[in-house]
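Worksheet: one structure, shown below.
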Amino acid sequence: MVNQNHMLQAALDYAAKGFPVFPLIIGGKRPAGDLAPNGCKDASTDEDQICEWWTAKPDANIGVVTDGLCVVDIDGADHAWLSDNGRLDALAGSPVSQTPRGGRHYVFRQNGEPLRNTAGRLADHVDTRADGGYIVAAPSVVDGKPYKWLPGHELDSRDELPTVPEWIIQGLQVVNEIPLTLEDEKIHKGIQHNTLFKYGCKMRRWGLSFNEINAALQVMNLQRCDEPGTESAIEDIARQLQSINLQVAGSQYGGLRVDHLIDKHATDIGQGTRVDRPDRVTDGHDPVFEAGIAGKTVEQGNAVAECAGLAGIALAKLLTATI
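Numbering (the working numbering), first residue to last: 1416 to 1738.
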């Protein structure tokens, strides 16, 4: 057994409680690609593997996979959503982690019904991590500040976690009422790349993985593009999306709220920086959408954000059928 530093000991403790872990970059939220090239898919509860990882990189942050869990991620301890209908009391019985920016992670286990990651489904700035996701776990440090479990609300063993409340499940199942007019529309030659890219941006905002985005875009390419691109060309779009920032300020289209920064370094959703661009936004409702490119006009932002809002129509159907 190697000498255990505090990060290694924490990772081993999570594993002993039944939570697969994997290393993140030092001081950040992205997977440590040199140690875990497949990200959360490399997560393990094996003691030897965990020791190997944190011996190689003792200060690596800790990622905990949320498969089988439902982690409610709230921006700020005083979010108004918590005070409505006694929600805070209902959540208080779960383990609670405080994020470096003062947010909260409330940890539950699923009730047997699979759940996926969501962004803003329960309320603005209230997101969830579930199957296919992960959270950054204490004592990881980001921007010089640690994640920490609140006293009396430390993480239980997996079997002892409370079951996610039924009202949360019901809230996650609410479907935005959007006219389903997009699924039969063809994507014409000349705009195929940009259109698929914009749809991919929306998927990034939802927190979907590279494999999920690639699978959805491949199906859209084959079923909706007039002249489908090659499989490798579509995969290149999905890869490009992993290295950009997506910024949207105050946009709401078709019942879908789009207002988070999805940063390539940010993996616990809802922790991105909010966008404040008074030089570009004329009022609180005009969106500015950026795909890693500074200086878009409001008109350009409106067009891209509207497309992103409508993208959910095709994506929801494609994911249901193919993933």
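Even for Gly, the Cβ is constructed at its ideal location relative to N, Cα and C.
Once DSSP output is grouped into helix, strand and coil, what is the label at residue i?
i, result
"residue 1476", "strand"
"residue 1537", "strand"
"residue 1514", "coil"
"residue 1550", "strand"
"residue 1439", "strand"
"residue 1542", "strand"
"residue 1632", "helix"
"residue 1625", "helix"
"residue 1482", "coil"
"residue 1754", "Any answer about residue 1754 is impossible in this case: the structure gives the chain only from 1416 up to 1738."
"residue 1493", "coil"
"residue 1583", "helix"
Could you spell out the range, first to last residue, of the alpha helix (DSSP H) harbouring residue i?
i, result
"residue 1421", "1421-1431"
"residue 1612", "1607-1621"
"residue 1555", "Where residue 1555 is concerned, there is no enclosing alpha helix (DSSP H), given that its DSSP letter is neither H nor E."
"residue 1657", "First-last for residue 1657: undefined, no H or E at that position."
"residue 1572", "Looking at the DSSP string, residue 1572 is not in any alpha helix (DSSP H), and its letter there is neither H nor E."
"residue 1645", "Premise fails: residue 1645 is in no alpha helix (DSSP H) and is neither H nor E."
"residue 1471", "1462-1471"
"residue 1502", "1502-1506"
Less than 8 Å separating the beta-carbons of residue i and residue j?
i, j, result
"residue 1611", "residue 1632", "yes"
"residue 1506", "residue 1545", "no"
"residue 1653", "residue 1622", "no"
"residue 1522", "residue 1439", "no"
"residue 1579", "residue 1532", "no"
"residue 1540", "residue 1493", "no"
"residue 1550", "residue 1486", "yes"
"residue 1552", "residue 1479", "yes"
"residue 1488", "residue 1518", "yes"
"residue 1620", "residue 1538", "no"
"residue 1466", "residue 1530", "no"
Give me the Cα-Cα distance between residue i and residue j, rounded to the nearest whole angstrom.
i, j, result
"residue 1627", "residue 1471", "30 Å"
"residue 1459", "residue 1583", "28 Å"
"residue 1509", "residue 1640", "47 Å"
"residue 1431", "residue 1602", "50 Å"
"residue 1656", "residue 1542", "21 Å"
"residue 1516", "residue 1564", "14 Å"
"residue 1624", "residue 1636", "18 Å"
"residue 1454", "residue 1528", "24 Å"
"residue 1477", "residue 1464", "14 Å"
"residue 1462", "residue 1638", "46 Å"
"residue 1473", "residue 1561", "16 Å"
"residue 1608", "residue 1428", "46 Å"
"residue 1667", "residue 1629", "Residue placement at residue 1667 cannot be trusted, given a pLDDT of 31 that sits under 50; the coordinates are not used to answer."
"residue 1457", "residue 1437", "7 Å"
"residue 1647", "residue 1447", "25 Å"
"residue 1511", "residue 1573", "14 Å"
"residue 1642", "residue 1504", "54 Å"
"residue 1450", "residue 1468", "7 Å"
"residue 1495", "residue 1618", "27 Å"
"residue 1548", "residue 1604", "35 Å"
"residue 1658", "residue 1556", "22 Å"
"residue 1524", "residue 1581", "12 Å"
"residue 1482", "residue 1499", "28 Å"
"residue 1568", "residue 1433", "17 Å"
"residue 1514", "residue 1554", "10 Å"
"residue 1566", "residue 1520", "14 Å"
"residue 1443", "residue 1421", "17 Å"
"residue 1571", "residue 1497", "22 Å"
Taking Cβ positions only, does residue i come closer than 8 Å to chain C?
i, result
"residue 1444", "Looking at the structure shown, chain C is missing, and only one protein chain is on hand."
Which residue or residues does DSSP assign as beta-bridge partners of residue i?
i, result
"residue 1564", "1512"
"residue 1455", "In the DSSP output, where bridge partners are listed per residue, residue 1455 has none listed."
"residue 1488", "1520 and 1542"
"residue 1446", "1439"
"residue 1578", "1524"
"residue 1531", "1546"
"residue 1602", "1640"
Return yes when the C-beta of residue i is under 7 Å from any heavy atom of the ligand NAD, and no when it is not.
i, result
"residue 1475", "Among the components of this structure there are no ligands whatsoever, and the ligand NAD is therefore not found."
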